[in-house]
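For the protein sequence lines, the chains are A and B, in the order given. Under numbering that gives the first Met the number 0, the residues of the first sequence are numbered 0 to 255, in order. Under numbering that gives the first Met the number 0, the residues of the second sequence are numbered 0 to 292, in order.
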Amino acid sequence: MGSEYTPSEMMTAVAARELRDGEVVFVGIGLPNLACNLARETHAPNLVLIYESGAVGAVPERLPVSIGDPALVTGSLMVCSMADVFQYFLQNGRIEVGLLGGAQIDRYGNINTTVVGDYAHPRVRLPGSGGAAEIAVHAHRTVVISRLGRRVFPERVDFITSPGLRANGRTRKELGMPGAGPTTVITDKAILEADPESGELVLASLYPGITADDVAQGIGWALRSRSRLAEVPTPSGRELHLLREVLDPKRLYLKQ
Amino acid sequence: MREAIAEHVRDGDTVVIEGFTHLICFAAGHEIIRQGRRNLTLCRLTPDLIYDQMIAAGCARKLVFSWAGNPGAGSLHAFRRAAEGKGPPLELEEYSHFGMVARLSAGASRLPFWTLRNYMGTDLPGANPAIRTVACPYTGEVLATVPALNPDVTIVHAQRADSEGNAQIWGLLGVQKEAAFASRRVVVVVEELVDQAEIRADPNRTLIPGLIVDAVVVEPWGAHPSYAQGYYDRDNEFYIRWEPISRDPAALSSYLDEFVHGVEDRKAYVERCGGLAKLKAAQRVCAGVNYGF
Numbered sequence: 000m001g002s003e004y005t006p007s008e009m010m011t012a013v014a015a016r017e018l019r020d021g022e023v024v025f026v027g028i029g030l031p032n033l034a035c036n037l038a039r040e041t042h043a044p045n046l047v048l049i050y051e052s053g054a055v056g057a058v059p060e061r062l063p064v065s066i067g068d069p070a071l072v073t074g075s076l077m078v079c080s081m082a083d084v085f086q087y088f089l090q091n092g093r094i095e096v097g098l099l100g101g102a103q104i105d106r107y108g109n110i111n112t113t114v115v116g117d118y119a120h121p122r123v124r125l126p127g128s129g130g131a132a133e134i135a136v137h138a139h140r141t142v143v144i145s146r147l148g149r150r151v152f153p154e155r156v157d158f159i160t161s162p163g164l165r166a167n168g169r170t171r172k173e174l175g176m177p178g179a180g181p182t183t184v185i186t187d188k189a190i191l192e193a194d195p196e197s198g199e200l201v202l203a204s205l206y207p208g209i210t211a212d213d214v215a216q217g218i219g220w221a222l223r224s225r226s227r228l229a230e231v232p233t234p235s236g237r238e239l240h241l242l243r244e245v246l247d248p249k250r251l252y253l254k255q
Numbered sequence: 000m001r002e003a004i005a006e007h008v009r010d011g012d013t014v015v016i017e018g019f020t021h022l023i024c025f026a027a028g029h030e031i032i033r034q035g036r037r038n039l040t041l042c043r044l045t046p047d048l049i050y051d052q053m054i055a056a057g058c059a060r061k062l063v064f065s066w067a068g069n070p071g072a073g074s075l076h077a078f079r080r081a082a083e084g085k086g087p088p089l090e091l092e093e094y095s096h097f098g099m100v101a102r103l104s105a106g107a108s109r110l111p112f113w114t115l116r117n118y119m120g121t122d123l124p125g126a127n128p129a130i131r132t133v134a135c136p137y138t139g140e141v142l143a144t145v146p147a148l149n150p151d152v153t154i155v156h157a158q159r160a161d162s163e164g165n166a167q168i169w170g171l172l173g174v175q176k177e178a179a180f181a182s183r184r185v186v187v188v189v190e191e192l193v194d195q196a197e198i199r200a201d202p203n204r205t206l207i208p209g210l211i212v213d214a215v216v217v218e219p220w221g222a223h224p225s226y227a228q229g230y231y232d233r234d235n236e237f238y239i240r241w242e243p244i245s246r247d248p249a250a251l252s253s254y255l256d257e258f259v260h261g262v263e264d265r266k267a268y269v270e271r272c273g274g275l276a277k278l279k280a281a282q283r284v285c286a287g288v289n290y291g292f
């Protein structure tokens, strides 16, 4: 089974299934973008794609190579300034789903895209927030996409760029954040979900052929698990055909 | 370009060259490098390759930004060397995109700060003491604040303008309007200079009015390797090539020698790049509207 599809293809298919038809999605480049395109071609033709660069209702004819690709503009419903994007769409509460990735994601779904190590003297300087901090605050829910790994999923991130379900000990409600935060984390082996009580990410579903122990290997804290784990269906023939032949034939984002 | 930069960009200035992926005025950045400007505070949401080059060339004292990567292609290594203590020192002041947009909105409105519902739970205010809070005088809600950004000079690349600088932009609009209105001086660089009648025929497309513009420069291909909607596509191959070039300080230095110091102006740069014609945009002309009354 494992050789019939790649981890990237599985993650993209799972992310696409997370999106409901008609939802308004704040999209990033890479796998999130591919997942939105796949969802539009399958169960969610009315998905509304909004990019931080200002393209609203984008229908890119080619896979965008950057978040400001000219193909996002051509044929879109609206192009607005970035002040409009952040104030009138995001802060206004119009964004239903935000898709985020990160260099580090911790037990409470806090995401770090700023520095590895100390802020003033980082071991690795990452790009920073971009729009991620405000997406994490305002989107009705966020879906995080990342491969497992102990360094990627530490107990606590080195820097909270985008707040999760509990940041520096305080809940989202206490902090006054409008959105629900990271409800789902899609990895290359399993799906983690936020526990509504503790705000902790817990193991919710396994990919075929994967055990809970396999997942725990790639997590830097004692991962709790739902009492009954669902098994995630593999990518269908149609999903794989669309990804490989139509949506990313040059394998820009489906390298591995 | 030479005169515009000589007159409007001075050592120690706070400089904004805006354009979100689209319409980034590399031509102006290169001229600033050629004229050897120093101690600049460079502000941009996404420093992009142009500020990486200006940092490497020694123009910058400080960088104000919200996302410092090579979009879709990797890292900005001159920036990273500075941030990781492996290069010449560079002061950093960091926001998120919304924070930078808000700073320019305040600057454009000539207000001292802007409020936003943001940053709760993040470590950004700890990293940047300029991100503060205010209690709403009506509801008591605690909101985040960021200070106004009023650059000494903002440089905006546009598709076209008339000789007075009434500039029309289409495609992604970024924060150019806010940046221009926030700035003390404004330089507009265009792909094409057009008669004012052409501007007046489609006034809704004018993003920046000539009355706030100090200089107009005509510089075809001035945004390469970024793009100009309707004129040319992004040179993505160059963005990918920047990864190994910027990773190696010697390679970066010889890039600057060849394509910045080694050319007299933009025309010579375009000739040296060669083969840019393949990036020319296809035709997707819109029908236009009736402005009659």
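Idealized CB from N, CA, C, for every residue including glycine.
Legend entry - Interface positions of the region 84 to 104 of chain B facing chain A (Cβ-Cβ less than 7 Å), listed along the chain: Answer set for the region 84 to 104 of chain B: 84, 93, 95, 96, 97, 100, 104.
Legend entry - Residue-level contact to chain B via CB, residue 44 of chain A, 7 Å cutoff: Interface with chain B (7 Å Cβ-Cβ cutoff): residue 44 of chain A is excluded.
Legend entry - residue 198 of chain B versus residue 291 of chain B - alpha carbon distance: Going from the Cα of residue 198 of chain B to the Cα of residue 291 of chain B covers about 16 Å.
Inset, instruction - Please specify which runs of the alpha helix (DSSP H), each continuous and at least 4 residues long, are wholly inside the region 229 to 277 of chain B, giving them in chain order. - result: Contiguous alpha helix (DSSP H) elements confined to the region 229 to 277 of chain B occur at 235 to 246, 248 to 255, 265 to 272, taking only those with 4 or more residues.
Legend entry - Identity of the residue in B/175, B/101, B/67 nearest residue 297 of chain B by Cα: No statement about residue 297 of chain B is possible, as the shown extent of chain B runs from 0 to 292 and does not include it.
Inset, instruction - Count the C-beta pairs between the region 37 to 45 of chain A and the region 131 to 143 of chain B that are closer than 8 Å, then say yes if the count reaches three, no if not. - result: With the cut-off at 8 Å, the region 37 to 45 of chain A and the region 131 to 143 of chain B do not touch.
Legend entry - residue 212 of chain B - DSSP class collapsed to helix/strand/coil: Residue 212 of chain B falls in the coil class under three-state DSSP.
Legend entry - Cβ of residue 144 of chain B within 7 Å of any chain A Cβ: Answer no: the Cβ-Cβ gap between residue 144 of chain B and chain A never drops below 7 Å.
Inset, instruction - State yes or no: is the beta carbon of residue 226 of chain B nearer than 7 Å to at least one beta carbon in chain A? - result: It does; some Cβ of chain A falls within 7 Å.
Inset, instruction - Could you tell me if residue 228 of chain B is buried or exposed, where buried requires 16 or more neighbouring beta carbons within 10 angstroms of its beta carbon? - result: When all chains shown are included, residue 228 of chain B counts as buried.
Inset, instruction - Could you tell me whether any Cβ in chain A is nearer than 7 Å to the Cβ of residue 53 of chain B? - result: At a cut-off of 7 Å between beta-carbon atoms, residue 53 of chain B makes no contact with chain A.
Inset, instruction - Look at the Cβ atom of residue 147 of chain B, then the Cβ atom of residue 101 of chain B, and state whether they are nearer than 7 Å. - result: Annotated as distal: residue 147 of chain B and residue 101 of chain B, with beta-carbon spacing of 7 Å or more.
Inset, instruction - Could you tell me which residues DSSP puts in a beta bridge with residue 148 of chain A? - result: Residue pairing by DSSP places residue 148 of chain A in no beta bridge whatsoever.
Inset, instruction - Report, in whole angstroms, the separation of the C-beta atoms of residue 138 of chain A and residue 94 of chain A, which I expect to be a contact under 8 Å. - result: The C-beta distance from residue 138 of chain A to residue 94 of chain A rounds to 5 Å, short enough to meet the 8 Å contact threshold.
Inset, instruction - Using a Cβ-Cβ cut-off of 7 Å, state whether residue 76 of chain B counts as contacting chain A. - result: Taking Cβ atoms only, chain A never reaches closer than 7 Å to residue 76 of chain B, which makes this a no.
Legend entry - Own chain residues within Cβ distance below 7 Å of residue 254 of chain B, not counting five before or after: Closer than 7 Å at the Cβ level, and outside the excluded window around residue 254 of chain B, lie 244.
Legend entry - For residue 0 of chain A, three-class secondary structure by DSSP: Model confidence at residue 0 of chain A stands at a pLDDT of 41, short of 50, so the residue's coordinates are unreliable; what they give is reported in the following sentence. Per DSSP, reduced to three states, the secondary structure at residue 0 of chain A is coil, with no helix or strand assignment.
Inset, instruction - Could you check the C-alpha separation between residue 0 of chain A and residue 44 of chain A for me, to the nearest Å? - result: Bear in mind that a pLDDT of 41 at residue 0 of chain A, under 50, signals an unreliable position, so the model cannot answer this.
Legend entry - Residue-chain proximity (residue 68 of chain B, chain A), Cβ-Cβ < 7 Å: Closer than 7 Å to some Cβ of chain A, the Cβ of residue 68 of chain B qualifies, so yes.
Legend entry - Local Cβ density within 10 Å of residue 77 of chain A, reported as buried at 16 or more and exposed below that: In the assembly as shown, residue 77 of chain A is an exposed residue. Its beta-carbon has fewer than 16 other beta-carbons within 10 Å.
Inset, instruction - Check the C-beta distance from residue 193 of chain A over to residue 202 of chain A and give it rounded, since I have them as a contact under 8 Å. - result: Not really, about 12 Å apart at Cβ, beyond 8 Å.
Inset, instruction - Can you grab the Cα-Cα spacing for the pair residue 250 of chain A / residue 278 of chain B, in whole Å? - result: In this model, residue 250 of chain A and residue 278 of chain B are separated by some 22 Å (Cα to Cα).
Legend entry - In DSSP terms, what residue 69 of chain B is bridged to: In DSSP, residue 69 of chain B forms a bridge with B/73.
Inset, instruction - In angstroms with no decimal places, state the Cα-to-Cα distance between residue 176 of chain A and residue 136 of chain A. - result: Rounded to whole angstroms, residue 176 of chain A and residue 136 of chain A show a C-alpha spacing of 6 Å.
Legend entry - Length of the line joining the Cα atoms of residue 51 of chain A and residue 69 of chain B: Linking residue 51 of chain A to residue 69 of chain B through their CA atoms gives a straight-line distance of about 16 Å.
Inset, instruction - Whole angstroms is fine: what's the gap from residue 155 of chain B's alpha carbon to residue 168 of chain A's? - result: Residue 155 of chain B and residue 168 of chain A: Cα-Cα distance of roughly 44 Å.
Legend entry - Own chain, CB closer than 6 Å to residue 152 of chain A, minus 5 neighbours either side, in chain order: Excluding residues within five positions, the ones whose Cβ falls inside 6 Å are 104, 218, 219.
Inset, instruction - With 7 Å as the threshold, decide whether the Cβ of residue 164 of chain A is near any Cβ in chain B. - result: Taking a beta-carbon distance threshold of 7 Å, residue 164 of chain A does not count as an interface residue toward chain B.
Inset, instruction - Thinking residue 206 of chain A and residue 30 of chain A are a contact (beta carbons under 8 Å), I'd like their distance in whole angstroms, please. - result: 16 Å between Cβ atoms; not a contact.
Inset, instruction - Let me know if residue 132 of chain B comes out buried or exposed under the rule of 16 or more other beta-carbons within 10 Å of its beta-carbon. - result: Counting Cβ neighbours within 10 Å, residue 132 of chain B comes out exposed, since fewer than 16 surround it.
Inset, instruction - Give, in chain order, every unbroken run of the alpha helix (DSSP H) that is at least 4 residues long and sits entirely within the region 165 to 239 of chain A. - result: Positions of the alpha helix (DSSP H) runs, each at least 4 residues long and wholly inside the region 165 to 239 of chain A, are given as 171 to 174, 211 to 216 in order along the chain.
Inset, instruction - Examine chain A for any beta-carbon lying closer than 7 Å to the beta-carbon of residue 235 of chain B, and answer yes or no. - result: So yes, residue 235 of chain B belongs to the interface.
Legend entry - Member of B/60, B/73, B/33 whose CA lies at the smallest distance from the CA of residue 47 of chain B: Looking at the Cα atoms, B/73 is the closest of the given residues.
Legend entry - Delimiting residues of the alpha helix (DSSP H) encompassing residue 1 of chain B: Start and end: 1 to 7.
Inset, instruction - Quick one: residues in its chain with C-beta nearer than 7 Å to the C-beta of residue 225 of chain A, no 5 flanking neighbours on either side, listed in chain order? - result: Hits under 7 Å: 201, 202, 203.
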